[in-house]
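> Which chain is which? The protein sequence lines are A and B, in order.
Residue numbers 1 to 358, in the numbering used here, belong to the letters of the first sequence in order.
Residue numbers 1001 to 1358, in the numbering used here, belong to the letters of the second sequence in order.
Sharing a structure, written as structure tokens. Questions coming.
Protein chains: 2
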Amino acid sequence: MTSSVGVMRAEEEMLNWGRLLMDGVPYSDLAAAHERGDNVSWFEHWMETAAQYEEAAQRAGDTGHRHTAGELFVTAALCAQYAQFLWFGEDRAAGQQRKVELYTKAASYLEPPAERFDLPIDDVTIPGYLRVPAGKGPWPCAVLIGGLESTKEESYRFEELLLARGVATATFDGPGQGEMLAGTPARGDFERYTSRVVDFLVDDPRLNAKRLAVVGRSAGGHYALRSASLDSRFVACVSWGGYVNFGNWEGRGPLAKESWRYVSKSADMEEARLFVEKCLDTRPVLNELRVPTYFLHGALDFVPVSQAEVLKEYAVNADLTVVVEPAGDHCCHNLGPRPRLTMADWVADQLGAGGVAK
Amino acid sequence: MTSSVGVMRAEEEMLNWGRLLMDGVPYSDLAAAHERGDNVSWFEHWMETAAQYEEAAQRAGDTGHRHTAGELFVTAALCAQYAQFLWFGEDRAAGQQRKVELYTKAASYLEPPAERFDLPIDDVTIPGYLRVPAGKGPWPCAVLIGGLESTKEESYRFEELLLARGVATATFDGPGQGEMLAGTPARGDFERYTSRVVDFLVDDPRLNAKRLAVVGRSAGGHYALRSASLDSRFVACVSWGGYVNFGNWEGRGPLAKESWRYVSKSADMEEARLFVEKCLDTRPVLNELRVPTYFLHGALDFVPVSQAEVLKEYAVNADLTVVVEPAGDHCCHNLGPRPRLTMADWVADQLGAGGVAK
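What follows is the structure, given as structure tokens:
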């Protein structure tokens, strides 16, 4: 176990049971991780759980049980995701690599399959996955953006909601995320990377290039506002637990701060603070946001709910739907499926998807 | 709050978090129920939660969001199910009625829809639901049987697994269960009721009458063994946390015993004990079981794992697949999705479903 921060068990700060469960981590595994012995690190525990799921998934795949193989490989990838997300050293890199490997194995088993893409930009590539409903398109598509320590492999359950409603999904790692981190730390122009993905999507004849939405969660909800403001090809935007500007550095826990330092490759905390406060700010461009925008926030979030007011102040040209759940925590993860279902319906409505089954 | 048994909070005996979560109760609601104030009963709490889901579901349905309406009405029905399952007086009846009402609202929104049937037998009717995959059949079909206090409205998540694998599902309330309880207490000839459902299924041209399985959970896993032994139209059988004979009355908790008294309408506990020991015993007929049979058991179950040995001793003409999970509790509810996925695959394999998507 390397470089956990603080004396309390690291997961007590960052762990949101609602998030993990809603994203598809089985409760049984979460309980077992919570009850593990003191001599086993969070990382080691989850990596072992991932290996067990991988084995079961492989067995299912080898015997022609494709649904089970897909489900269990995704679960394995989620275990590796949540193994690494608290650490910032070798474990992080090792966990990321395993997650990528496990999700790669899941991809072809999913229904519809997750099709890998790698898009050159500058001297690196943007890795991602596209899932297109079976049947006759062209389909509308939602571009999904993860947050601070989330990646393209993490949104399976939410993709399923969109796919069931006739919306294709594209996920990718942007600056500071997943496979991009090594070559491209977090940056203030995330929208360039989103737009590169859109370049790719509009050329796919299975998709309806006029019906694209961007949906970002947590920090991704910031990137989504920025991307929709600066790329007019989006016709709808969702900021799910996001923010206009990063205005509450002091309110973040030590692991969150360390995580920002890590993804921005800042030399120290002060540099990290300057980065998020200066570079994560959509106020200067938010008057360019001209599409219907859904802003979901929990009143109990550590991200100040006042961000909803900031949004209203600056996004003067957008049709805003602001939903503040009084009992909601960060991203309303603690409220179960209801807010996610409603959000998926909103996206489908905006894209005219009409609830077509996948 | 009426007639809870014992001084500890009633749910501490009967509540299996794994079961509720795996069946589709959101973790957020389970946590809220656990943390409710002492002045609110388990029943009242869940009935209120059910009402909230009903309202959200209705709103979704009214605005054309069919997927969400179906999902939330099912969740509402599950809340009413788990509201009532600890009580034996007026609350039980009221909760059952609400559950039926809420699931009725869900039925047409589900995909494929749950089609209600009511089959006359003697002077009562067997109520149930049939779900048939969209597309070209005829489809194999699994008949699902619930346990002591479970009913036809409770198996949505498992149905989804079977439907995704190209297997239609039929659920029903048998003697002592759900809507049948009032007129027909638990009985020793459950198989008559299963067979009445089979009579109905074999006449449906969308189904393949030669490809029927019976899948029973908990006490339903006992009824399934009995039904498959005595109705040769089944080609496969699953006993999921079930038993050959009820051999461990003393090992059951007070609420479970009271529940058996309640569903058998026994005058007292002694009569209830005699009922389960005498009438819930498939040993005399188990040599008639001639189809592949899957027996899933948790080694930590209160149902003795020795029932696996009893099965092997008596089911001498059946091809048995006995899976004993060392860390599994009753029905292996505590192990997350893996055992259920594997079981669904087994059913699909036996029925030659070939993993066709729903």
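Idealized CB from N, CA, C, for every residue including glycine.
I think A/F200 touches A/L286, with their Cβ atoms under 8 Å apart; what is that distance to the nearest whole Å?
As a working mapping, residue 200 of chain A is identified with position 200 in the first sequence. As a working mapping, residue 286 of chain A is identified with position 286 in the first sequence. Rounded, the Cβ-Cβ distance is 26 Å, inconsistent with contact.
> For a contact defined as C-beta to C-beta under 7 Å, what are the partners of B/R1157 on chain A?
Counting from 1 along the second sequence, the entry for residue 1157 of chain B is found at position 157. What B/R1157 touches in chain A: nothing, since even the nearest Cβ is about 12 Å away.
> For B/W1042 and B/C1079, which I take to be in contact (beta-carbon distance under 8 Å), what is that distance rounded to the nearest angstrom?
The count along the second sequence starts at 1 and reaches residue 1042 of chain B at position 42. The count along the second sequence starts at 1 and reaches residue 1079 of chain B at position 79. No, B/W1042 and B/C1079 are not in contact; Cβ-Cβ is about 11 Å, not under 8 Å.
> List the residues of chain A that B/G1018 touches, going by C-beta distances under 8 Å, in chain order.
Here residue 1018 of chain B is taken as the residue at index 18 of the second sequence, counted from 1. Per Cβ cutoff of 8 Å: Y27, S28.
> Quick one: residues in its chain with C-beta nearer than 7 Å to the C-beta of A/E271, no 5 flanking neighbours on either side, listed in chain order?
Translated into positions along the first sequence, residue 271 of chain A becomes position 271. So no residue of the chain qualifies.
> Return the chain-ordered list of same chain residues with a C-beta closer than 7 Å to the C-beta of A/N317, the five sequence neighbours on each side being excluded.
As a position in the first sequence, residue 317 of chain A is number 317, starting the count at 1. Excluding residues within five positions, the ones whose Cβ falls inside 7 Å are N287, L289, R290.
> Threshold first: 3 residues or longer. Then list the beta strand (DSSP E) segments lying entirely within the stretch 1129–1191 of chain B, N to C.
The stretch 1129–1191 of chain B contains these whole beta strand (DSSP E) runs: 1139–1145, 1168–1172.
> Check the C-beta distance from A/H330 over to A/M22 and give it rounded, since I have them as a contact under 8 Å.
On the first sequence, position 330 is the one that residue 330 of chain A refers to. On the first sequence, position 22 is the one that residue 22 of chain A refers to. About 12 Å separates the two Cβ atoms, so there is no contact after all.
> Just the C-alpha distance for A/A107 and A/G70, rounded to the nearest angstrom, thanks.
Taking the first residue of the first sequence as 1, we reach residue 107 of chain A at position 107. Taking the first residue of the first sequence as 1, we reach residue 70 of chain A at position 70. Cα-Cα distance, rounded: 7 Å.
> Tell me, which residues are paired with B/S1264 by DSSP?
Taking the first residue of the second sequence as 1, we reach residue 1264 of chain B at position 264. Partner(s): none; B/S1264 has no beta bridge.
> Taking one C-beta from the stretch 1173–1181 of chain B and one from the stretch 1261–1281 of chain B each time, how about it: are there three or more such pairs within less than 8 Å?
Touching, per the Cβ criterion.
> Fully enclosed by the stretch 1065–1129 of chain B, which beta strand (DSSP E) runs are 3 residues long or longer?
Listed in chain order, the complete beta strand (DSSP E) runs (minimum 3 residues) inside the stretch 1065–1129 of chain B are 1115–1121.
> I need the DSSP call for B/T1293, collapsed to helix, strand or coil.
Counting from one through the second sequence, the residue named residue 1293 of chain B turns up at place 293. Here B/T1293 sits in strand by DSSP.
> How is the beta strand (DSSP E) around B/T1321 delimited, first residue to last?
Looking up residue 1321 of chain B in the second sequence gives position 321. B/T1321 -> beta strand (DSSP E) spans 1320–1325.
> Is it buried or exposed, B/Q1097, if we count other Cβ atoms within 10 angstroms and call 16 or more buried?
Position 97 of the second sequence, counted from the first residue, corresponds to residue 1097 of chain B. Answer is exposed; the Cβ neighbour count stays below 16.
> Since A/E346 and A/Y294 should fall inside the 8 Å C-beta cutoff, what is the C-beta to C-beta distance between them, to a whole number of angstroms?
By one-based count along the first sequence, residue 346 of chain A stands at place 346. By one-based count along the first sequence, residue 294 of chain A stands at place 294. According to the sequence shown, residue 346 of chain A is Trp rather than Glu. A/W346 to A/Y294, Cβ: 5 Å. Contact.
> Just checking: is the beta-carbon of B/R1377 within a distance shorter than 7 Å of some beta-carbon in chain A?
Residue 1377 of chain B is absent from the structure shown; chain B starts at 1001 and stops at 1358.
> Around the Cβ of B/A1076, are there at least 16 other Cβ atoms within 10 angstroms (buried) or fewer (exposed)?
The sequence position of residue 1076 of chain B within the second sequence is 76, counting from 1. Per the 10 Å Cβ criterion, buried.
> Got a sec, what are the start and stop residues for the alpha helix (DSSP H) A/V425 sits in?
There is simply no residue 425 of chain A to check, as chain A begins at 1 and stops at 358 in what is shown.
> Following the continuous alpha helix (DSSP H) through B/C1332, name the residue where it begins and the one where it ends.
The residue labelled residue 1332 of chain B in the question sits at position 332 within the second sequence. Careful: B/C1332 lies outside any alpha helix (DSSP H) and carries neither H nor E.
> Would the stretch 126–143 of chain A and the stretch 199–217 of chain A be scored as touching if the rule is three or more Cβ pairs under 8 Å?
The stretch 126–143 of chain A vs the stretch 199–217 of chain A: in contact.
> Any idea what DSSP makes of B/D1038, helix, strand or coil?
Here residue 1038 of chain B corresponds to residue number 38 of the second sequence, with the count starting at 1. Correct three-state label for B/D1038: coil.
> Under DSSP, the alpha helix (DSSP H) around B/S1227 begins and ends at which residues?
Here residue 1227 of chain B refers to the residue found at position 227 when the second sequence is read from its first residue. Residues 1219–1230.
> Determine the burial state of A/N39: buried for a count of at least 16 other Cβ atoms within 10 Å of its Cβ, exposed for fewer.
Working through the first sequence from its first residue, we reach residue 39 of chain A at position 39. Per the 10 Å Cβ criterion, exposed.
> Can you pull the DSSP bridge partners for A/W240?
Working through the first sequence from its first residue, we reach residue 240 of chain A at position 240. According to DSSP, A/W240 bridges with A/R217, A/L296.
> Using a Cβ-Cβ distance cut-off of 7 Å, determine whether A/A170 contacts chain B.
If you number the first sequence from 1, residue 170 of chain A lands on position 170. No - not a single Cβ of chain B is within 7 Å of the one on A/A170.
> Can you tell me which of B/S1227, B/Y1103, B/L1230 puts its alpha carbon nearest to the alpha carbon of B/S1155?
Walking along the second sequence from the start, residue 1155 of chain B turns up at place 155. Nearest of B/S1227, B/Y1103, B/L1230 to B/S1155, Cα basis: B/Y1103.
> Since B/V1197 and B/A1170 should fall inside the 8 Å C-beta cutoff, what is the C-beta to C-beta distance between them, to a whole number of angstroms?
As a position in the second sequence, residue 1197 of chain B is number 197, starting the count at 1. As a position in the second sequence, residue 1170 of chain B is number 170, starting the count at 1. Indeed, because the Cβ distance is near 6 Å, the residues count as touching under 8 Å.
> Using a C-beta to C-beta distance shorter than 9 Å, which residues of chain A count as neighbours of B/A1164?
For the purposes of this step, residue 1164 of chain B is identified with residue 164 of the second sequence, where counting begins at 1. Under the 9 Å cutoff, chain A gives H67, E111.
> Kindly say whether A/D345, judged by its beta-carbon, lies nearer than 7 Å to any beta-carbon of chain B.
As a first step, residue 345 of chain A is located in the first sequence; it is residue number 345 there, counting from the start. Yes, A/D345 counts as interfacial toward chain B.
> If we call anything under 7 Å between Cβ atoms a contact, is A/G147 one with A/A219?
On the first sequence, residue 147 of chain A is found 147 positions in, with the first residue counted as 1. On the first sequence, residue 219 of chain A is found 219 positions in, with the first residue counted as 1. Against a cut-off of 7 Å, the Cβ pair of A/A219 and A/G147 comes out as a contact.
> Can you find a CB in chain B that lies within less than 7 Å of the CB of A/P337?
As a position in the first sequence, residue 337 of chain A is number 337, starting the count at 1. Yes, A/P337 counts as interfacial toward chain B.
> With DSSP run on the structure shown, which of helix, strand or coil describes B/L1286?
Locating residue 1286 of chain B in the second sequence gives position 286, counting from the first residue. Of the three classes helix, strand and coil, the one that applies to B/L1286 here is helix, per DSSP.
> Taking a contact to mean a Cβ-Cβ separation below 7 Å, would you say A/L351 touches A/V167 in this structure?
Walking along the first sequence from the start, residue 351 of chain A turns up at place 351. Walking along the first sequence from the start, residue 167 of chain A turns up at place 167. In this structure, A/V167 lies closer than 7 Å to A/L351 by Cβ.
> Check whether the Cβ atoms of B/L1300 and B/H1222 lie closer than 7 Å to each other.
Residue numbering aside, residue 1300 of chain B sits at position 300 when the second sequence is read from its first letter. Residue numbering aside, residue 1222 of chain B sits at position 222 when the second sequence is read from its first letter. The answer is no: Cβ separation not under 7 Å.
> Determine the burial state of A/G64: buried for a count of at least 16 other Cβ atoms within 10 Å of its Cβ, exposed for fewer.
The residue labelled residue 64 of chain A in the question sits at position 64 within the first sequence. With fewer than 16 other Cβ atoms within 10 Å, it is exposed.
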